[in-house]
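Here this note's numbering runs 196 ahead of the position in the sequence shown, where the first position is 1.
Each residue gets a CB set at the ideal place from its N, CA and C atoms; glycine is no exception.
Notes to accompany the following structure.
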Amino acid sequence: MAEAKKITAPLSKEVAKSLKAGESVLISGTILAARDAAHKTLTEALARGEKLPVDLQGETIYYLGPTPAKPGNAIGSAGPTTSGRMDKYTPTIIEQGIHGMIGKGYRNKEVIDSMVAHGVVYMVAVGGAAALISKCITKYEVLA
């Protein structure tokens, strides 16, 4: 097995486009976390012509529903959420300039077409690794 490629978020467009299907990556840096309720809120705000509370340009979004942190930890369990739950909102979010998404499971054709059109990468996190992933998170801050 090939060694994992080390990348830093936010991802540049060049890094996002350089990743290949099946390639293992280790990501460091800043990643935004948002699930379906956040995606719904963001797309509804855009539909009303409102400015988003967070600039999504260049960002990577992890489909994460964190659990409360135990004392001394930045976050509780941090496993990926099923990505298909975001699919009806994802093309709109992609249009806001994100460069990457992390989740688990398949994406629908509309999302895949939008990813191809905008050069966005989808990375699959291993389900069941929530406790391990949480140990890698050093800071968790609610932005909106």
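Leaving aside the five residues that flank Thr204 on each side, the residues in its chain whose CB is nearer than 6 angstroms to its CB run, in chain order, Ser224, Gly225.
If you draw a 10 Å sphere on the C-beta of Asp309, you find fewer than 16 other C-beta atoms in it, and that means exposed. Residue Ile333 holds the alpha-carbon nearest to the alpha-carbon of Asn269 among Val338, Glu240, Ile333. In the structure shown, Thr204 falls within a strand segment according to DSSP collapsed to helix, strand and coil. The Cβ neighbour count for Glu199, taken over all protein chains shown within 10 Å, is under 16; the residue is labelled exposed. Pairing Gly324 with Gly275, the inter-Cα distance amounts to about 7 angstroms. Rounded to the nearest whole angstrom, the C-alpha separation of Asn304 and Lys209 is 22 angstroms.
The residues Ser273, Ala274, Gly275, in chain order, have a CB closer than 7 angstroms to that of Ala326 in the same chain once the five nearest residues on each side in sequence are set aside. Burial check for Gly296: the Cβ neighbour count within 10 Å reaches 16 or more, so the residue is buried. Per DSSP, Met319 lies in no alpha helix (DSSP H) segment; the continuous beta strand (DSSP E) that holds it begins and ends at 317-320.
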